[in-house]
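So the sequence shown is residues 1 to 512, counted in full-length UniProt numbering. I have placed the structure first, in the form of structure tokens, so that the comments after it can refer back to it.
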Amino acid sequence: MTNNGDPSNHVVAVEFDTIQSREFRDMDDNLVGIDINRLRSEKAASAGSILSSHYILGWTFKLNGKASDIDPSRLPKLPDDYQQDSRSSFKKILAISLSMTGLAVLIFLTISFMLLMKRKKLMEVLEDWEVQFGPHRFAYKDLYIATKGFKNSELLGKGGFGKVYKGTLLSSNLDIPVKKVSHDSGQGMREFIAEIATIGRLRHPNLVRLLGYCRRKGELYLVYDCMPKGSLDKFLYHQPEQSLDWSQRFKIIKDVASGLLYLHQQWVQVIIHRDIKPANILLDESMNAKLEVRTMKIFVLLLLLMLNKAVSQGERGEFGFNGYLYDSYGSANLDSNGLLKLTNYTEHETGQVFYNFPVRFKNSPNGTVSSFSTTFVFAIVSEIPTFSGHGIAFVISPTKGLPYSFPSQYLGLFNSTNNGDPSNHVVAVEFDTIQSIEFNDMDDNHVGIDTNSLISEKAASAGYYKEDGTFKNISLISRKPIQAWVEYDSSSKQLNITLHPLHVAKPKTPLL
């Protein structure tokens, strides 16, 4: 009591603290801190024993009007890999208690099942709606034989899109690359196949031709023309001994321009590529350049044809339908089914997603801030159902990305030096799952409005007001989709935050 903070102590300590003390301004009950002559840490960080995954299932935005509501039936599903199999113990007990007769029957059934699976290994299902795309569909058996069973010896490469195998079709002796891409077989499969068929109709000497597809057990196989020389980036970055002369480089530029002209002006519908880079420019045997047109559902490219959903200047679409409108940073990634995953619970990390078009809230520096409305559906899935180590935030920032943010502190918005700095010009709505004394948090399950700092201007426990006026709490880490509304009225200069479960109608009374 008498020497805490006394400079004459000459003590430097690293504390691994499991008790949250208001006296020493501990941030939580699971922290690591650097102490000099006292127990009030000079710097501290959450030990982060609890990790979480953060998902965005849908998002709409509109200036000077109400954002379109989100149709729950069109949202992607949350993965169920975090669910615990409560029957595992029962299965072990059941296995031990099996009699020799039962075990013999099980072996017999297993052998029968394996023989049946071997017979059906090359079988596939053709839906009625796929008949119209028939000319673009390959038989799985043909691709399986062409790639020698998708052996690793036939693997050409792999990346975020999946794996690419080399193969030769027996029927025509045609060399082909086959891209094997995992895809959830439910959401948007019909529209996705229609999109493949559309791209398959593109015909131009400077576009890589998509020959067709195969669909089997939730996986997609895309078949392209063979480009023996590979991609342009190989010559530019990976094979300096095979450098291109200026005449070759100029011809490649002209070839790419010719392909883009076809996409932009000469085909029946306008297609904007938006991913021109050396890796997507392929070269044939004669060094002719061909631009690869990839599909949006897998590669998140811009295809204005998708679902015929119009994109206006004032309104943005939903994830799963118009994912190309967003730029991601850190660990954030958009899967082929349209589910945006900001983080996963394998490590401390920050995931951020911003509109790739700047939204002008003022017509002039001294002008009035425009009204806006946005709604999004999110879910926080913690590795432990009752605890979470991270929250989530909606943020308005003058720039895309927050490069100086900490991955395990400050909700991925700020750091220890710029938290509270007016030059941040950041407004955020936090959905916080940790009670931090440092930021005057009211509890570990709250919503707050933040301006340049994680000390909220206003805050309330997460929940919503029912029709009869009663308040009902919502757990932010319930592992269930939650819909949030952030709406600003320029006439009243009022910012309203509304929260409710996905399948509950939007409450009339906002939370904040």
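Where is the CB? At the ideal position from N, CA and C, for every residue including glycine. Given the structure is predicted, the values throughout are model-derived calculations rather than measurements.
Fill in: Residue of Asn-496, Val-164 and Lys-508 minimising C-alpha distance to residue 596
In the structure as shown, the chain begins at 1 and stops at 512. Residue 596 is therefore absent and cannot be evaluated.
Fill in: Range covered by the beta strand (DSSP E) that runs through Ser-258
Position 258 of the sequence shown, counted from the start, is the residue given in the question as residue 258. Careful: Ser-258 lies outside any beta strand (DSSP E), inside the alpha helix (DSSP H) at 246-261.
Discussion item. Please report the distance separating the alpha-carbon of Asn-445 from that of Val-381.
Written reply: Counted from its first residue, the sequence shown places residue 445 at position 445. Counted from its first residue, the sequence shown places residue 381 at position 381. Spanning the two alpha carbons is a distance of roughly 14 angstroms.
Worksheet item: Quick one: what does DSSP say Thr-509 is sitting in, helix, strand or coil?
Response: Position 509 of the sequence shown, counted from the start, is the residue given in the question as residue 509. In the structure shown, Thr-509 sits in coil (DSSP, three-state: anything other than H, G, I, E or B).
Worksheet item: By Cβ distance, which residues of its chain are closer than 6 angstroms to Gly-157, with the 5 residues on each side in sequence left out?
Response: Taking the sequence shown and counting its residues from 1, the one referred to as residue 157 is at position 157. Result list for Gly-157: Val-164, in chain order.
Worksheet entry | For Val-14, the residue or residues it bridges with in DSSP | For the purposes of this step, residue 14 is taken as residue 14 along the sequence shown, with counting starting at 1. Answer by DSSP bridge pairing, in chain order: Ile-34.
Worksheet entry | Sub-8 angstroms separation of Ile-434 and Gly-391 beta-carbons | Along the sequence shown, read from residue 1 onward, the residue named residue 434 stands at position 434. Along the sequence shown, read from residue 1 onward, the residue named residue 391 stands at position 391. Cβ atoms of Ile-434 and Gly-391: closer than 8 angstroms.
Worksheet item: Applying the criterion that 16 or more other CB atoms from any shown protein chain within 10 Å of the CB defines a buried residue, is Phe-471 buried or exposed?
Response: Counting from one through the sequence shown, the residue named residue 471 turns up at place 471. Exposed: under 16 other Cβ atoms inside 10 Å.
Discussion item. Among Tyr-55, Lys-151, Asn-419 and Val-11, whose alpha-carbon lies nearest the alpha-carbon of Asp-35?
Written reply: Position 35 of the sequence shown, counted from the start, is the residue given in the question as residue 35. Selected option, being the one with the closest Cα: Val-11.
Fill in: For Lys-163, three-class secondary structure by DSSP
On the sequence shown, position 163 is the one that residue 163 refers to. Strand at Lys-163.
Item to complete: Identify, in the order they occur along the chain, each residue of the same chain with its Cβ nearer than 6 angstroms to the Cβ of Ala-146, setting aside the five sequence neighbours on each side.
Response: In the sequence shown, residue 146 corresponds to position 146, counting from 1. Within the same chain, Ala-146 has close Cβ partners Gly-167, Thr-168 and Leu-169.
Worksheet item: The alpha helix (DSSP H) spanning residue 527 covers which residue range?
Response: In the structure as shown, the chain begins at 1 and stops at 512. Residue 527 is therefore absent and cannot be evaluated.
Discussion item. Comparing C-alpha positions only, which one of Phe-439, Thr-498, Tyr-140 and Ser-478 sits nearest to Thr-217?
Written reply: For the purposes of this step, residue 217 is taken as residue 217 along the sequence shown, with counting starting at 1. The displayed chain sequence assigns Lys, not Thr, to residue 217. Minimum Cα distance to Lys-217 is reached at Tyr-140.
Item to complete: Please report the Cβ distance between Ala-462 and Leu-499, rounded to the nearest whole angstrom; I am assuming they are in contact, meaning their Cβ atoms lie under 8 angstroms.
Response: What you label residue 462 is simply residue 462 of the sequence shown in a count that begins at 1. What you label residue 499 is simply residue 499 of the sequence shown in a count that begins at 1. Going by Cβ atoms, the distance from Ala-462 to Leu-499 rounds to 6 angstroms, so yes, they are a contact pair.
Practice prompt. Return the chain-ordered list of same chain residues with a C-beta closer than 8 angstroms to the C-beta of Lys-362, the five sequence neighbours on each side being excluded.
Written response: The count along the sequence shown starts at 1 and reaches residue 362 at position 362. Only Thr-368, Val-369 and Ser-370 meet the Cβ criterion.
Worksheet item: To which residues of the same chain is Asn-496 closer than 6 angstroms at the C-beta, ignoring the five residues directly before and after it?
Response: For the purposes of this step, residue 496 is identified with residue 496 of the sequence shown, where counting begins at 1. Taken in chain order, the residues that qualify are Glu-487 and Pro-510.
Discussion item. On the criterion of 16 or more Cβ atoms from any shown chain inside 10 Å, does Thr-374 qualify as buried, or is it exposed?
Written reply: By 1-based counting over the sequence shown, the position of residue 374 is 374. Thr-374 comes out buried.
Worksheet entry | Residue environment, Gly-259, which counts as buried when at least 16 other CB atoms sit within 10 Å | By one-based count along the sequence shown, residue 259 stands at place 259. By the 10 Å Cβ count, Gly-259 comes out buried.
Worksheet item: Name the DSSP beta bridge partners of Leu-282, please?
Response: In the sequence shown, the residue the question calls residue 282 occupies position 282. According to DSSP, Leu-282 bridges with Ser-231 and Lys-290.
Fill in: Assigned exposure category for Pro-205 - 16 Cβ within 10 Å defines buried
If you number the sequence shown from 1, residue 205 lands on position 205. With fewer than 16 Cβ atoms within 10 Å of its Cβ, Pro-205 is classed as exposed.
Worksheet item: Can you list the beta strand (DSSP E) stretches of 3 or more residues lying completely in the region 430-511, in chain order?
Response: 446-451, 458-461, 463-465, 471-473, 482-489 and 494-501
Item to complete: Please report the Cβ distance between Val-178 and Val-223, rounded to the nearest whole angstrom; I am assuming they are in contact, meaning their Cβ atoms lie under 8 angstroms.
Response: The residue you call residue 178 lines up with position 178 of the sequence shown. The residue you call residue 223 lines up with position 223 of the sequence shown. Correct: roughly 6 angstroms between the Cβ atoms.
Fill in: Reduced DSSP category for Ser-371 - H, G, I as helix; E, B as strand; rest coil
To locate residue 371, count along the sequence shown from 1; it is residue 371. If DSSP states are grouped into helix, strand and coil, Ser-371 belongs with coil.
Worksheet item: Going by the beta-carbon positions, is the gap between Ser-397 and Val-359 smaller than 8 angstroms?
Response: On the sequence shown, position 397 is the one that residue 397 refers to. On the sequence shown, position 359 is the one that residue 359 refers to. Result no, Cβ atoms of Ser-397 and Val-359 do not sit closer than 8 angstroms.
Fill in: Cys-214: first and last residue of the uninterrupted beta strand (DSSP E) it sits in
In the sequence shown, residue 214 corresponds to position 214, counting from 1. Cys-214 -> beta strand (DSSP E) spans 210-216.
Fill in: Given Ser-478 as reference, the closest of Arg-38, Tyr-55, Ile-70 and Ser-416 once Cα atoms are compared
As a first step, residue 478 must be located in the sequence shown, where it is residue number 478. Ser-478 has its Cα closest to that of Tyr-55, out of Arg-38, Tyr-55, Ile-70 and Ser-416.
Practice prompt. Pull up the distance between the alpha-carbon of His-503 and that of Leu-283, whole angstroms please.
Written response: By 1-based counting over the sequence shown, the position of residue 503 is 503. By 1-based counting over the sequence shown, the position of residue 283 is 283. Going by the C-alpha atoms only, they are around 51 angstroms apart.
Discussion item. I'd like to confirm something about Arg-216: is its beta-carbon nearer than 7 angstroms to some heavy atom of the ligand PLP, or not?
Written reply: For the ligand PLP, the structure offers nothing, since it holds no ligand at all.
Practice prompt. Assign Thr-168 to one of three DSSP states: helix, strand, or coil.
Written response: Along the sequence shown, read from residue 1 onward, the residue named residue 168 stands at position 168. Correct three-state label for Thr-168: strand.
Worksheet item: In terms of DSSP beta bridges, what is Asp-175 paired with?
Response: Along the sequence shown, read from residue 1 onward, the residue named residue 175 stands at position 175. Bridge partners of Asp-175: Thr-168.
Worksheet entry | Glu-219 to Phe-138 span [Cα, whole Å] | Here residue 219 is taken as the residue at index 219 of the sequence shown, counted from 1. Here residue 138 is taken as the residue at index 138 of the sequence shown, counted from 1. In a straight line, the C-alpha of Glu-219 is about 13 angstroms away from that of Phe-138.
Worksheet item: Which whole-angstrom value is the C-beta distance of Ile-482 and Ala-379, which I expect to be below 8 angstroms?
Response: What you label residue 482 is simply residue 482 of the sequence shown in a count that begins at 1. What you label residue 379 is simply residue 379 of the sequence shown in a count that begins at 1. Under the criterion of beta carbons closer than 8 angstroms, Ile-482 and Ala-379 qualify as touching, at roughly 7 angstroms.
Practice prompt. Report back the beta-carbon spacing between Asn-280 and Leu-291 to the nearest angstrom; my notes put them in contact at under 8 angstroms.
Written response: Here residue 280 corresponds to residue number 280 of the sequence shown, with the count starting at 1. Here residue 291 corresponds to residue number 291 of the sequence shown, with the count starting at 1. So it is a contact: roughly 7 angstroms between Cβ atoms.
Practice prompt. Can you tell me which of the three DSSP states Arg-137 falls into?
Written response: Counting from one through the sequence shown, the residue named residue 137 turns up at place 137. Looking at Arg-137 - three-state DSSP - the assignment turns out to be strand.
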